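First the structure, in the form of structure tokens, and then the observations on it.
Residue numbers (mature numbering (1 follows the signal peptide of the UniProt record, and there is no 0)): -25 to -1, 1 to 177.
Written as structure tokens, this is what we have:
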């Protein structure tokens, strides 16, 4: 009897996976975003997270400065993709002072160094980034209003990895562990010097 039940289950599962949407759901690691998603991200203030200065980032990550998963992603990217140009774009929801921390990072004398230190010194017990805002009254600029609305429509989670492909498509990773990160980063267009990306001259 047990063998018959197992056979029936196997047949049903095979039939389910033969349906295109069901098979896709099993392996789906990223999804397309609207064509204007990239412009929405670029309109918001951000910080070059990784990569040499002057490189155009085709990877952007929406993060909360206090998000533990963002801190883990920071370590993954630095260890496995140290030369990849990535742009960090803040959102604020994880802690009461998340907006103040983000605004303080953006306005730091050296935003890149401040961002590196924030995740390097992340306190996983307190669930808080290592950066101390200059003032808890600091706020993000108006450009983040449109981003926040779009971010919620795109799923409202952090870290949210968004890439631009060689053919101009905008893709969003559906998770932040390695099984999601690697496939979507492989789809990203290679980083180029800004004048190369614009088709201009040095």
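Just so you know, even glycine gets a beta-carbon here, dropped at the ideal spot from N, CA and C. Just so you know, these numbers come straight off a predicted model, no measurement behind them.
What residues in its chain sit with their C-beta under 8 Å from that of residue i, if we drop five residues either side in the sequence?
i, result
"residue 8", "129, 137, 145, 146, 147"
"residue 102", "41, 43, 69, 70"
"residue 53", "25"
"residue 105", "92, 93, 94, 95, 96, 97, 98"
"residue 178", "A question about residue 178 goes unanswered here, because the residues of the chain that appear run from -25 up to 177."
"residue 113", "74, 75, 78, 79, 82"
"residue 122", "15, 16, 18, 19, 37, 64, 66"
Spatial neighbours of residue i within its chain, please: CB distance less than 6 Å, with the 5 preceding and 5 following residues excluded, ordered by chain position.
i, result
"residue 157", "none"
"residue 64", "16, 19, 21, 35, 37"
"residue 135", "37"
"residue 119", "19"
"residue 125", "15"
"residue 1", "At residue 1 the pLDDT is 41, less than 50, meaning the model places this residue with poor confidence and gives no usable figure here."
Got a sec? Which residues, its chain only, sit under 7 Å from residue i by beta carbon, not counting five neighbours each side?
i, result
"residue 83", "89"
"residue 159", "4, 5, 136, 138, 146, 148"
"residue 155", "4, 148, 149"
"residue 13", "139, 145"
"residue -17", "Unreliable positioning characterises residue -17 in this predicted model, as indicated by a pLDDT of 48, which lies under 50. The coordinate reading is nonetheless provided below. Cβ within range, chain order: n/a, list empty."
Among the options, whose alpha-carbon lies nearest the alpha-carbon of residue i?
i, options, result
"residue 27", "111, 56, 64, 115", "56"
"residue 24", "59, 6, 12", "59"
"residue 117", "78, 61, 4, 165", "78"
"residue 107", "100, 115, 93", "93"
"residue 109", "115, 75, 139", "75"
"residue 86", "100, 165, 62, 4", "62"
"residue 150", "122, 80, 45, 121", "45"
"residue 72", "124, 143, 39, 111", "111"
"residue 143", "163, 155, 48, 100", "163"
"residue 32", "154, 100, 141, 115", "141"
"residue 178", "12, 48, 161", "As shown, the chain starts at -25 and ends at 177. That puts residue 178 outside it, with no answer to give."
In the DSSP output, what is residue i paired with across the bridge?
i, result
"residue 98", "103"
"residue 147", "6, 137"
"residue 163", "140"
Please check the pair residue i and residue j, which I expect to be a contact at CB under 8 Å, by giving their CB distance rounded to whole angstroms.
i, j, result
"residue 39", "residue 133", "5 Å"
Report task. Entirely within the region 17 to 84 and at least 4 residues each: give me those alpha helix (DSSP H) ranges in chain order. Result -> Within the region 17 to 84, the complete alpha helix (DSSP H) runs of at least 4 residues are 43 to 55, 73 to 81.
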